[in-house]
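**Student:**
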Amino acid sequence: MIQLDEIDHHLIRSLARDATQSAGALGRHLGLSQPATWRRIKRLEDAGILRGKHLRLNREALGFGVTVFLGVKLATKGRVSLEDFERAVTAIPEVQTVEHVLGLYDYRLRVVARDLADFERVLRRRIMTLPGAGAVEANVLLSEERLAGPLGL
Numbered sequence: 021m022i023q024l025d026e027i028d029h030h031l032i033r034s035l036a037r038d039a040t041q042s043a044g045a046l047g048r049h050l051g052l053s054q055p056a057t058w059r060r061i062k063r064l065e066d067a068g069i070l071r072g073k074h075l076r077l078n079r080e081a082l083g084f085g086v087t088v089f090l091g092v093k094l095a096t097k098g099r100v101s102l103e104d105f106e107r108a109v110t111a112i113p114e115v116q117t118v119e120h121v122l123g124l125y126d127y128r129l130r131v132v133a134r135d136l137a138d139f140e141r142v143l144r145r146r147i148m149t150l151p152g153a154g155a156v157e158a159n160v161l162l163s164e165e166r167l168a169g170p171l172g173l
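First residue of the sequence shown? That's 21 in this note's numbering, and the numbers climb one at a time after it.
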């Protein structure tokens, strides 16, 4: 684990707000040269602290107005069931994230759909037919806010 100084923390916060900024622009903001900023970014990437840049799509503008979080409890436990379920669920394009969790459910899925009727179709025809799928609990997303995380940066 590398030591992070205050400049590293500022750099991470700036990149979290807008990862498209150039090293030159970041450097001007932080009082560093472009090469010094680039070296810091490279160091953070090599240490695994920065792991790529992500594009955030506007799902509604693309016609996906409904997001549902599903808790899925597998009907049967066992290593083969987990692997079979994971392989099958990741092949469903409407499933945006698959998280193996500890608790009442075995998996937490983020599913997008055009509307509730489309979600019902995805649920009945794709998700409920997955190998090992058992009990399911659905929570429809009403709104989403991005809050600062607990990293203390």
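Beta carbons are placed, not taken as given, at the ideal position from N, Cα and C, and that holds for glycine.
Keep in mind the model is a prediction, meaning the values are calculated, not measured.
With F139 as the anchor, note down where its alpha helix (DSSP H) starts and where it stops.
**Tutor:** Your numbering for residue 139 matches position 119 in the sequence shown. From DSSP, the alpha helix (DSSP H) with F139 extends over L136 to V142.
**Student:** What residue range is occupied by the uninterrupted alpha helix (DSSP H) comprising H49?
**Tutor:** Mapped onto the sequence shown, residue 49 falls at position 29. Here the alpha helix (DSSP H) through H49 covers A43 to L50.
**Student:** Please classify I61: is it buried, with 16 or more other beta-carbons within 10 angstroms of its beta-carbon, or exposed?
**Tutor:** Locating residue 61 in the sequence shown gives position 41, counting from the first residue. So I61 ends up on the buried side.
**Student:** Using three-state DSSP, classify V109 as helix, strand or coil.
**Tutor:** Position 89 of the sequence shown holds residue 109. Note: V109 maps to helix in three-state DSSP.
**Student:** Using the C-alpha atoms, what's the distance from R59 back to A45?
**Tutor:** The residue labelled residue 45 in the question sits at position 25 within the sequence shown. The residue labelled residue 59 in the question sits at position 39 within the sequence shown. Spanning the two alpha carbons is a distance of roughly 14 Å.
**Student:** Starting from the Cα of V142, find the closest Cα among L124, K93 and P113 and give me that residue.
**Tutor:** Position 122 of the sequence shown, counted from the start, is the residue given in the question as residue 142. Nearest of L124, K93 and P113 to V142, Cα basis: P113.
**Student:** Looking at the structure shown, is R128 part of a helix, part of a strand, or coil, going by DSSP?
**Tutor:** In the sequence shown, the residue the question calls residue 128 occupies position 108. It is a strand residue.
**Student:** So, are the CB atoms of R130 and T87 less than 8 Å apart?
**Tutor:** Within the sequence shown, residue 130 is the residue found at index 110, counting from 1. Within the sequence shown, residue 87 is the residue found at index 67, counting from 1. Cβ distance < 8 Å, so R130 and T87 count as in contact.
**Student:** Taking 8 Å as the cut-off, does the segment 112-126 touch the segment 69-77 (at least 3 CB pairs, one atom from each stretch)?
**Tutor:** no
**Student:** Starting from the N-terminal side, write out each stretch of the alpha helix (DSSP H) that is 4 residues or longer and does not extend beyond the segment 31-91.
**Tutor:** Whole alpha helix (DSSP H) segments, 4+ residues: 43-50 and 54-66.
**Student:** Could you check which residue in S34, R79, G85 and E26 has the C-alpha nearest to that of A137?
**Tutor:** For the purposes of this step, residue 137 is taken as the residue at position 117 of the sequence shown. Of the candidates S34, R79, G85 and E26, the one whose C-alpha sits nearest the C-alpha of A137 is G85.
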